[in-house]
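In our numbering, the protein residues as written are 544 to 683.
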């Protein structure tokens with residue numbers, strides 16, 4: 544493609560992405576999984592990647608985790624498609640950031656399916672929010 548247009552559906556290079564930007568982060572509740580978005584994919588081979596950014600203000604954080612899952616609002620404790628950070632009472636000040644990168648990894652779908660970028664944080668006091676992006680590019 545040389546004219547700057549999108550790749551047609553079903554063609555190698557096709558891209559789906561969803562983003563929650565820093566101006567509209569998702570408010571987190573301690574130890575509760577929240578979704579930062581999803582991509583609906585058709586059958587095929589996909590390269591999937593995601594990034595989640597956690598922002599805390601006055602929070603004492605003991606755990607932050609993110610993952611790409613086939614279920615909304617869930618993170619598998621055994622999935623290789625997750626990132627978990629255990630902290631020893633990390634205290635945030637206004638605007639502290641922590642970034643999790645997931646992938647890229649190859650996903651083979653024999654039928655259509657949706658993948659979700661889900662996040663969770665365990666914290667006391669203060670507040671936590673998150674934003675991020677999930678994207679999938681067809682590779683075959």
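The beta carbon of each residue, even a glycine, is placed where N, CA and C say it ideally should be.
query, result
"Beta-carbon spacing of residue 656, residue 613 below 9 Å", "yes"
"CA-to-CA distance, residue 676 to residue 643, given in whole angstroms", "11 Å"
"For residue 679: DSSP bridge partner residues", "559, 591"
"CA-to-CA distance, residue 560 to residue 524, given in whole angstroms", "What the structure shows of the chain is the stretch from 544 to 683, and residue 524 is not part of that stretch, so it cannot be assessed."
"Buried/exposed call for residue 649, threshold 16 Cβ in 10 Å", "exposed"
"Proximity below 9 Å, CB of residue 667 to CB of residue 575", "no"
"Three-state secondary structure (DSSP) of residue 554", "coil"
"Neighbour flag for residue 641 against chain C, beta carbons, 9 Å", "The structure shown contains no chain C; it holds only a single protein chain."
"Close Cβ partners of residue 573 (< 8 Å) along its chain, the five nearest in sequence each way excluded", "664, 665, 666, 667, 671"
"Length of the line joining the Cα atoms of residue 588 and residue 565", "30 Å"
"Expected contact under 8 Å - CB spacing of residue 673 and residue 662 to nearest Å", "5 Å"
"Cα-Cα separation, residue 654 to residue 583", "11 Å"
"8 Å Cβ shell around residue 555 - same chain, five flanking residues per side excluded", "681, 682, 683"
"Reduced DSSP category for residue 616 - H, G, I as helix; E, B as strand; rest coil", "coil"
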